[in-house]
Amino acid sequence: MRGHEGAVSSVSVHGSGRYAITTSADTAQLWDLDTFQRKRKLNVRQSVGIQRVFFLPLSNTILSCFNDDSIFAWESDTLFCKYQLPVPDEGPRIHYKAFAVTRDGKTLAAGGRSNLLHLWCLDTRQLLRVVQMPPKVRSVRQLEFLPDSFDGGASQTLGVLSQDGMMRFINIQTCKLLFDIGSHDDAITSATISPNGRHIVTIMDNGSLNIYSVQCLTQDYNKPLPPLVKVVSGGACSALTMKVKSEDVQRPAKTSGRRVKTKVLRPPAVPMTEDKENELPDVLNKKRLVALLKAFGEYPAKYRMFVWRSLLRLPENHAAFSSLTDKGLHSAYLSIQERYPIKSHKLQRGLQRVLSALAHWAAIFGETDYLPLVAFPFVKLFQNNPLLCFEVVATILVNWCQHWFEYFPNPPLNVLSMAENVLAHHDKELLQHLIDCGVTSQLYVWPLLETLFSEVLTRDEWLKLFDNVFSNHPAFLLVSVVSYVTCCRAPLLVCSHKEDFEYFFHHRNNLDISSIIKETYRLMESTPADIHPRTMLADFQPLTRGQYPVFNKYPTYIVEYQSQERERIRQQEVEYLRERQTVQELRAEAVQRQAEDQAWYTQQELLQQAEEKRRDILQQEERKLAEQRTRLTAMKRELKVKELQLMDAARRRFLKHQQDQRLTELHRLDDQIQRKMNTRDQETAAAVQDIEVRQMELEAQRRLFEQQLSKEQVRVTQEVRAEVDTRRHRSEVEETTFQHLLNNDTDISLGTKKVLQEGLAEAGQLGVDTEWQAEVMRRLDQEDADQDRHYHQLAGLHRETRTKEEQLVDIMKDMEGQGWEEVVSLKAQLEERQAAATAEANRRVFLNQEEEETAQHRDDLRRSQDHSLSQQWEMRARSPCSTRGLLPKPVASPVPGQSQQRHSPNICLNNQSTSDDSTSFSLDRGRGELDCRERELMQVIRELRQKLAARAKNSSSTTSHSPVSQ
-9 MRGHEGAVSS VSVHGSGRYA ITTSADTAQL WDLDTFQRKR KLNVRQSVGI
41 QRVFFLPLSN TILSCFNDDS IFAWESDTLF CKYQLPVPDE GPRIHYKAFA
91 VTRDGKTLAA GGRSNLLHLW CLDTRQLLRV VQMPPKVRSV RQLEFLPDSF
141 DGGASQTLGV LSQDGMMRFI NIQTCKLLFD IGSHDDAITS ATISPNGRHI
191 VTIMDNGSLN IYSVQCLTQD YNKPLPPLVK VVSGGACSAL TMKVKSEDVQ
241 RPAKTSGRRV KTKVLRPPAV PMTEDKENEL PDVLNKKRLV ALLKAFGEYP
291 AKYRMFVWRS LLRLPENHAA FSSLTDKGLH SAYLSIQERY PIKSHKLQRG
341 LQRVLSALAH WAAIFGETDY LPLVAFPFVK LFQNNPLLCF EVVATILVNW
391 CQHWFEYFPN PPLNVLSMAE NVLAHHDKEL LQHLIDCGVT SQLYVWPLLE
441 TLFSEVLTRD EWLKLFDNVF SNHPAFLLVS VVSYVTCCRA PLLVCSHKED
491 FEYFFHHRNN LDISSIIKET YRLMESTPAD IHPRTMLADF QPLTRGQYPV
541 FNKYPTYIVE YQSQERERIR QQEVEYLRER QTVQELRAEA VQRQAEDQAW
591 YTQQELLQQA EEKRRDILQQ EERKLAEQRT RLTAMKRELK VKELQLMDAA
641 RRRFLKHQQD QRLTELHRLD DQIQRKMNTR DQETAAAVQD IEVRQMELEA
691 QRRLFEQQLS KEQVRVTQEV RAEVDTRRHR SEVEETTFQH LLNNDTDISL
741 GTKKVLQEGL AEAGQLGVDT EWQAEVMRRL DQEDADQDRH YHQLAGLHRE
791 TRTKEEQLVD IMKDMEGQGW EEVVSLKAQL EERQAAATAE ANRRVFLNQE
841 EEETAQHRDD LRRSQDHSLS QQWEMRARSP CSTRGLLPKP VASPVPGQSQ
891 QRHSPNICLN NQSTSDDSTS FSLDRGRGEL DCRERELMQV IRELRQKLAA
941 RAKNSSSTTS HSPVSQ
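Here it is in structure tokens:
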């Protein structure tokens, strides 16, 4: 009885025992049990799977339920569709998985991935009610009606086996919970009820077989059940939604003689969350599983798939997976058999279906070349359940393939760097050998990751490894690659050619998988945290229920570009195949026509002339064709010429556009130059005004200094003259007194005494005169020093003025290069004026020398006066006792001698004052010449500035008019 490609999920036998229906996910077949031949086959689209097909009791009607919750009724003889049950438009979808029909074939109960049950009346084809089970029930695995001897086949008690391993029996009319069997610790896997409804047989999770007596279960049920809460549903079918509450249900006493009790040590019950159906139950606690794995090295082969499903916490999103498979085969995997030929067509189609679903889920999986290598081992393991296969592969891609697609389409360099860092920490010698041989992590890490070790391990080794991978952190897979490399240390150190390394990591090697796993655990514990992949990879995250998460951790623009390129290539291939088909058809027609023509020519010799005529016609056609080709060539030439002309015109337009742009740029530059020139003119004018103000300040200071100097000279002259007059008056008084004493005193001794006294007085007077002359010379020297200080101040002001003039010349030189010649001439004038100033300074030096000579002459005159006074004193001291020898000189010329001796200092002072006046006059005259020259220089600078401004204005006007003239 062949014909099913997938696993047979159910078998339904007709009441007569003649026919049977077998159901798989892709098809349902009707068999004749007398001949064991297939009578009919129900084929469905690949996107719509079959859930179950079975016979109704006491009728020839076949009910079929599909994955989209649609239910059809068929006539078993003609397979004519009798009716379809309406799908409820409102409320959540149930995703039917379990069905039960009463013995009279009038009531259908259906349940699935929800705590809701639908009760259908097959006579009226309406939904009777919706029964809501307790919150602990999240999905329904099996439904069985409990028959009664007096119900006439319309059973009212329905047994519901849920995901928690308990089977609850309710009344479908009152929705009261009657009793339940099984528990969390002793879960039920499947159950069946005897035809007379007296016994219930269950298969337990621990492998035991329990038989329950219905009479014992119901006879002790004496207490009333809790009240029911009925809720009117607003659905389209106007059914009653009835809730079943089981908090106060009293379980009947069970006799120990009818049940085999087995004592099993189990951990305390852990409450399960109500929003996760596939969370690990108490008996599959992950810590206990890991302990079991470490003890035995692997999980039992019989329960391995169940353990994997529990560890990965697969949500089993039937609706989401159906929406992906409904999209059909992805264009990237239409011809996957050419790249990956598989002997089994079933595996080929399963791989193609899972890869297409992954590509529809995330676009990058349609562009990933190594995805078939990753998915094939799991397709082979879950070939009878594509949903689980898809979710296992999706969970691996989300958790164990983290950061793989960030550098797409290149290998994940960041992940390879993690593995290389771990290898460098634990075996630097091996890493250095690999580097010396030119072997990178893309050669010794990536082949193991992209195939998930399927190329280098056997089936049993691979399953054993992934038992540990699924039981640990996602970093375990990456560390296992490093442990594989370190365990192969000896043969790798022998290899030196790159080809040897490539062969080594793509073929199986003689290794003990247990040692690799043990080494992996050691590396997981000894690797430092800063380079440990655990710190760089996120913890395990299961797939969410209802809808699969969005996967977008990849460069979307590259994937989109590749998908567009693939679509373009596919369109080109389709076009090429179409053209090739057309060509082949034309070729076949040509061959057939040629054969017919040849046969006709061989058989019809009488039509030779017609043949010649036809040849003439063909020649004429050929000539016409040649002419047409010639005209076509001429037209092409004309088109080419026009194209060149258009290109030339476009080039000219482009050149004109460039010229316009350059003219615009020139105008903009002219405007900028004009603005800069105006700015510089304003700055120059401001600088000239500042210089003029500074010049006026210097002039005022100079005049103030001269005025103060002249006042000081007048004051000193007056003081000197007053002092001289006072001393002259004093000398005349003393001389008169002396003459009077000489005339009145006749006594020689007394006269001698008076002469001595007068000599002493005169000597004292001479000392006072000498001190007075020294004070006068000191004051004259002080005046000379003040004049020198004033001169140095004027020289500093002159240097500052000259510096300002040079700055002004530099500013004007930078402002306009065209006035360079005038600037040079101005510089020459400045140099001439500087030479004049130098000559003036030399002249002042000469005047200083003259002043020094005058001072020397004054000193000589003072010394001569001192000498004359000393001679007079000696003459008076030479005849101390004779008044006659002293008297003739004063008598002979008393007044002239006295006047000559007394006025000699005055004459010297007058000479000195005259020299000072001449010196002051020469200084004033030099300053006046310097001021005159400075004023001339400022006038020349103003004229030069006006010329430069006029020239700049003329050049700007010329530049602004030049584009118009062009």
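This note's numbering applies: residue -9 is where the sequence shown begins, and numbers increase by one.
Just so you know, even glycine gets a beta-carbon here, dropped at the ideal spot from N, CA and C.
Quick caveat: nothing in here was measured; it's all calculated off a predicted structure.
Those residues which DSSP pairs with residue i across a bridge
i: valine 127; result: Answer is none; valine 127 lacks a bridge partner.
i: valine 43; result: Ser54
i: glutamate 65; result: Thr51
i: phenylalanine 963; result: Nothing can be reported for residue 963: it is not among the residues displayed for the chain, which extend from -9 to 956.
i: valine 282; result: Per the sequence shown, the amino acid found at residue 282 is leucine instead of valine. Leucine 282 is not bridged to any residue.
i: histidine 108; result: Ala100 and Val120
i: isoleucine 201; result: Val191
i: methionine 157; result: Leu151 and Ile171
i: phenylalanine 89; result: Ala100
i: glutamate 134; result: Gly149
i: alanine 10; result: Val3 and Trp21
Burial state of residue i (16 or more Cβ within 10 Å)
i: leucine 215; result: Unreliable placement is indicated for leucine 215, whose pLDDT of 42 sits below 50; the coordinate value is still reported in the next sentence. Buried, because 16 or more other Cβ atoms sit within 10 Å of the Cβ of leucine 215.
i: tyrosine 293; result: exposed
i: threonine 793; result: exposed
i: glycine -7; result: exposed
i: leucine 133; result: buried
i: valine 542; result: Note that residue 542 corresponds to asparagine in the displayed sequence, not to valine. Classification for asparagine 542: exposed.
i: alanine 177; result: buried
i: alanine 676; result: exposed
i: proline 82; result: exposed
i: valine 540; result: exposed
i: proline 290; result: exposed
i: aspartate 661; result: exposed
i: tryptophan 590; result: exposed
i: leucine 283; result: buried
i: glutamate 790; result: exposed
Expected contact under 8 Å - CB spacing of residue i and residue j to nearest Å
i: phenylalanine 44; j: serine 2; result: 4 Å
i: threonine 97; j: leucine 109; result: 6 Å
i: valine 429; j: leucine 438; result: Going by Cβ atoms, the distance from valine 429 to leucine 438 rounds to 13 Å, so no, they are not a contact pair.
i: lysine 29; j: threonine 17; result: Not a contact, Cβ separation roughly 14 Å.
i: isoleucine 521; j: valine 412; result: 6 Å
i: isoleucine 193; j: leucine 136; result: The pair is not a contact, with the Cβ atoms about 18 Å apart (cut-off 8 Å).
i: arginine 103; j: histidine 350; result: Wrong, their Cβ atoms sit about 22 Å apart, outside the cutoff.
i: phenylalanine 395; j: valine 344; result: The pair is not a contact, with the Cβ atoms about 18 Å apart (cut-off 8 Å).
i: leucine 567; j: alanine 384; result: About 34 Å; that fails the 8 Å criterion.
i: glycine 187; j: aspartate 138; result: 6 Å
Spatially closest choice to residue i from the options, by CA coordinates
i: phenylalanine 311; options: Asn375, Ser334 and Leu302; result: Asn375
i: leucine 688; options: Glu563, Leu787, Glu492 and Thr727; result: Leu787
i: lysine 72; options: Leu938, Ile52, Arg535 and Val631; result: Ile52
i: aspartate 671; options: Leu934, Glu65 and Leu168; result: Leu934
i: arginine 449; options: Lys370, Phe159 and Gln618; result: Lys370
i: serine 203; options: Asp170, Phe70, Gly197 and Lys614; result: Asp170
i: aspartate 776; options: Ser700, Val758 and Asp316; result: Ser700
i: threonine 164; options: Gln609, Ser139, Leu118 and Arg131; result: Leu118
i: histidine 320; options: Ser346, Ala600, Leu20 and Asp426; result: Ser346
i: isoleucine 801; options: Val678, Arg923, Thr707 and Ser721; result: Val678
i: glutamine 432; options: Thr385, Ser461 and Lys488; result: Lys488
i: asparagine 400; options: Arg665, Pro545, Glu419 and Asn462; result: Pro545
i: asparagine 458; options: Ala825, Trp762, Leu279 and Val710; result: Leu279
Cβ of residue i within 8 Å of any chain B Cβ
i: valine 204; result: Absent from the structure is chain B; it holds one protein chain and no more.
- [ ] Take every Cβ of the region 776 to 793, pair it with every Cβ of the region 684 to 696, and state whether three or more of those distances are shorter than 8 Å.
- [x] Segments in contact, yes.
Open item on the list: If contact is defined by three or more beta carbon pairs under 8 Å, each pair taking one atom from either stretch, is the region 54 to 68 in contact with the region 150 to 159?
Closed with: Contact between the region 150 to 159 and the region 54 to 68 is absent: fewer than three C-beta pairs spanning the two stretches fall below 8 Å.
Task: the region 497 to 517 touching the region 398 to 418, judged by at least three CB pairs closer than 8 Å - done: Yes, the region 497 to 517 touches the region 398 to 418.
Task: Touching by the beta-carbon criterion (3+ pairs, under 8 Å), the region 468 to 487 and the region 502 to 515 - done: Taking a cut-off of 8 Å on C-beta distances, the region 468 to 487 touches the region 502 to 515, as three or more cross pairs fall below it.
Task: Segment contact flag, the region 457 to 467 with the region 383 to 392, C-beta cutoff 8 Å, min 3 pairs - done: Judged by Cβ distances under 8 Å, the region 457 to 467 makes contact with the region 383 to 392, as three or more pairs qualify.
- [ ] Count the CB pairs spanning the region 353 to 360 and the region 550 to 566 that are closer than 8 Å, and state whether there are at least three.
- [x] A contact is defined here as three or more CB-CB pairs under 8 Å, and the region 353 to 360 meets this definition with respect to the region 550 to 566.
Open item on the list: Assess contact between the region 451 to 464 and the region 477 to 489, defined as three or more Cβ pairs (one per stretch) separated by less than 8 Å. Is contact present?
Closed with: In this structure the region 451 to 464 does not lie against the region 477 to 489, because fewer than three pairs of beta carbons, one per stretch, are closer than 8 Å.
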